[in-house]
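Colleague: Starting off with a structure, shown below.
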Amino acid sequence: MTEATPRPVRPEGSKPALSAAIATVEGERTGHPRHASRVRDVYDRLAARYGPRGWWPADGPFEMIVGAILTQRTAWTNVEKALANLKRAGALSPAAMRALSAGELADLIRPSGFYRGKARKLLAFLDLLDERFDGALERLLAAPGDELRPSLLATHGIGEETADAILLYAARQPFFVIDAYTRRTFSRLGIRPGGDTYNAWQRLFEESLPRDAALYGEYHALIVEHAKDACRAEPLCDRCALAGVCETGLGRHQVAGDERVVQDAAADDEQVEDLVVAEDAGERVRPA
Ligand code: SF4
4 MTEATPRPVR PEGSKPALSA AIATVEGERT GHPRHASRVR DVYDRLAARY
54 GPRGWWPADG PFEMIVGAIL TQRTAWTNVE KALANLKRAG ALSPAAMRAL
104 SAGELADLIR PSGFYRGKAR KLLAFLDLLD ERFDGALERL LAAPGDELRP
154 SLLATHGIGE ETADAILLYA ARQPFFVIDA YTRRTFSRLG IRPGGDTYNA
204 WQRLFEESLP RDAALYGEYH ALIVEHAKDA CRAEPLCDRC ALAGVCETGL
254 GRHQVAGDER VVQDAAADDE QVEDLVVAED AGERVRPA
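When you line the sequence shown up against the working numbering, it's residues 4 to 291, in that order.
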């Protein structure tokens, strides 16, 4: 594993340690007492089923950031091809990428789809890096998350999900990533925030868990694995580690109605279109 790859929350083969960690922050929690114990229980069940995921696999934080932008609206297998092109061209550093013309960059990332637009997004990120952080990636990554997040969101092509993926997996700061998988799985489980906004979903997790970037990173990766393995568009409840604690798995909730809720909630999700397309094609839509 490279230095950019998040460390697993716990050593492989050991028992999930979340319950013990929770005890240290129990008194600080004010947000979602109704859901907190279930959010923790789901983590423990998924960790027991799938083990440490060790996200995000990348040769350094810049490659991780580039991957987070390229994975918008496409399957991860296509991102891997684009990253391989960039690597072969020696363009996976801010300085080397900056030296490319927009056309050269677009050609290299062509396999990721929407490549002209994504080239503009990558160049916009480089502009942010140059203008706010003197071109020094380590300065950007060391910036306080509450200051960096608005800067990322003000950058062309970076929405909440991408910004939080960068904050969590490249800068190792505790921002929980919400995507269509998360909304779908937890809506089916019957664990929903009061409002169906990105912020409401994010608060549900962040107020239910210790503020721990490694834990957040591991949990998001487990959700993605679970959504690919069992909680698909057509859920495979009979093979699901969560069937015993899931409203849908227990037959208390209709999937069809649930799907409508998730579709509405995820209407502006950066990944939702690709989620549907890639799942139908049996493709990965995130690193694995
Ligand atoms: S029991 Fe079914 S609906 Fe519930 S989380 Fe598992 S796969 Fe999804």
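Glycine included, every Cβ here is placed at the ideal spot set by N, Cα and C.
Report yes if the C-beta of G254 is less than 7 angstroms from at least one heavy atom of ligand 1; otherwise report no.
Modeller: no
Colleague: Using the Cβ count rule (16 or more neighbours within 10 Å means buried), how would you classify N202?
Modeller: exposed
Colleague: State the Cα-Cα distance for the pair D267 and R206, rounded to the nearest angstrom.
Modeller: No answer about D267 holds up, because its pLDDT of 40 lies below 50 and its placement is not dependable.
Colleague: How about the stretch 44-52 and the stretch 69-87: do they share at least three Cβ pairs that are nearer than 8 angstroms?
Modeller: no
Colleague: When you compare the stretch 64-79 with the stretch 88-106, are there three or more beta-carbon pairs, one atom per stretch, that lie closer than 8 angstroms?
Modeller: yes
Colleague: Considering only residues of the same chain and omitting the five flanking positions on each side of P196, which have a CB-CB separation below 7 angstroms?
Modeller: A203, W204, R206, L207
Colleague: Given that a residue counts as buried once 16 or more other Cβ atoms are within 10 Å of its Cβ, and exposed if not, what is H229?
Modeller: So H229 ends up on the buried side.
Colleague: Can you look up V180 in the DSSP assignment and give me helix, strand or coil?
Modeller: Here V180 carries a coil assignment [DSSP, helix/strand/coil].
Colleague: Hey, would you say the C-beta of T185 is under 7 angstroms away from at least one heavy atom of ligand 1?
Modeller: Distances taken from the Cβ of T185 to the heavy atoms of ligand 1 include none shorter than 7 angstroms.
Colleague: Looking at I181: is its Cβ nearer than 8 angstroms to the Cβ of E209?
Modeller: Result no, Cβ atoms of I181 and E209 do not sit closer than 8 angstroms.
Colleague: Cα separation between A23 and L192?
Modeller: Confidence at A23 is low in this model, with a pLDDT of 45, below 50, so its placement is unreliable and the value that follows should be read with caution. Straight-line Cα distance between these residues: approximately 24 angstroms.
Colleague: Under 6 angstroms Cβ to Cβ from P114, same chain only, skipping five residues before and after it: list those, please.
Modeller: The answer, listed in chain order, is N81, K84, A85.
Colleague: Have a look at D215, R37, Q75 and flag the residue whose alpha-carbon is nearest the alpha-carbon of F117.
Modeller: Considering only alpha carbons, the answer is Q75.
Colleague: Cα separation between A217 and R175?
Modeller: C-alpha separation (whole angstroms): 7 angstroms.
Colleague: Can you tell me whether DSSP reads T251 as helix, strand or coil?
Modeller: coil
Colleague: Quick check: the Cα distance between L108 and A246, rounded to an integer number of angstroms?
Modeller: 46 angstroms
Colleague: So, for M100: in the same chain, excluding its five sequence neighbours on each side, which residues have a beta-carbon less than 7 angstroms away from its beta-carbon?
Modeller: Listed in chain order, the non-local C-beta contacts of M100 below 7 angstroms within the same chain comprise A94, L108, L125, L129, local neighbours out to five positions each way being set aside.
Colleague: From G106 to P153, what does the alpha carbon distance come to, in whole angstroms?
Modeller: 29 angstroms
Colleague: Using DSSP with H/G/I as helix, E/B as strand and the rest coil, what is F189?
Modeller: Of the three classes helix, strand and coil, the one that applies to F189 here is helix, per DSSP.
Colleague: Measuring alpha carbon to alpha carbon, tell me which residue in G160, F136, G254 is nearest A122.
Modeller: G160
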